[in-house]
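One structure below.
Numbering (our numbering), first residue to last: 6 to 190.
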């Protein structure tokens, strides 16, 4: 280490002898540890706070209108239509609403409601359709809440339904909800 000699070269007689004071050293180990803990904490909390979004495939807006139609061309034995009504209730139909194979039946959300139906039909449909997946058609009414739509999308994720779509509800489907008394204000 380099030392600075501050002796002016004068040799005085009898001057006072002063002791040299070294500057005190501050141990920064604790401060560095605290800084790394804070950095780690804030990086962890920002990574946990990122919103998670579900991927939803939407149709191409540039398609010609003649190619698009409101009538879905799905096999009746593969499709399950879920109509979202009021009062946190759904009405489900196995097949098309106009020509149901089973239903319409009212159910709630959760494990004993629509999730149970989805799991049963997910196991049943490949047996009757030659191994093809079930197609779920979700039709939210104007009486359901946004929470209901999020809940039904969560059910699709929980049950691991591969093919589902969200479509506009038809007047015939609204009549089904009115008949089932789940189209209330």
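Glycine included, each C-beta is placed from N, C-alpha and C at the ideal position.
Model, not experiment: these values are computed from the prediction.
- Query: Hey, quick one: how far does the beta strand (DSSP E) through residue 96 stretch, first residue to last?
  - Reply: Here residue 96 refers to the residue found at position 91 of the chain shown. Looking at the DSSP string, the run of the beta strand (DSSP E) that includes residue 96 is 94-100.
- Query: By how many angstroms is the C-alpha of residue 139 removed from the C-alpha of residue 81?
  - Reply: Against the chain shown, residue 81 aligns to sequence position 76. Against the chain shown, residue 139 aligns to sequence position 134. The alpha-carbon atoms of residue 81 and residue 139 are separated by roughly 10 Å.
- Looking at the unbroken alpha helix (DSSP H) that takes in residue 179, where does it start and where does it end? As a first step, residue 179 must be located in the chain shown, where it is residue number 174. Per DSSP, residue 179 belongs to the alpha helix (DSSP H) from 176-184.
- Task: Let me know the secondary structure DSSP gives residue 106 once reduced to three states.
- Result: Along the chain shown, one-based indexing puts residue 106 at 101. The answer is strand: DSSP assigns residue 106 an E or B state.
- Nearest-angstrom Cα separation, counted from residue 187 out to residue 177: Residue mapping note: residue 177 aligns to position 172 of the chain shown, counting from 1. Residue mapping note: residue 187 aligns to position 182 of the chain shown, counting from 1. Distance between the alpha carbons of residue 177 and residue 187 is about 14 Å.
- Ignore the nearest five residues each way along the sequence and tell me which others in residue 133's own chain have a CB closer than 6 Å to its CB. Residue mapping note: residue 133 aligns to position 128 of the chain shown, counting from 1. Closer than 6 Å at the Cβ level, and outside the excluded window around residue 133, lie 82.
- Message: Tell me the rounded alpha-carbon separation between residue 93 and residue 54.
- Response: Translated into positions along the chain shown, residue 93 becomes position 88. Translated into positions along the chain shown, residue 54 becomes position 49. Roughly 29 Å separates the two Cα atoms.
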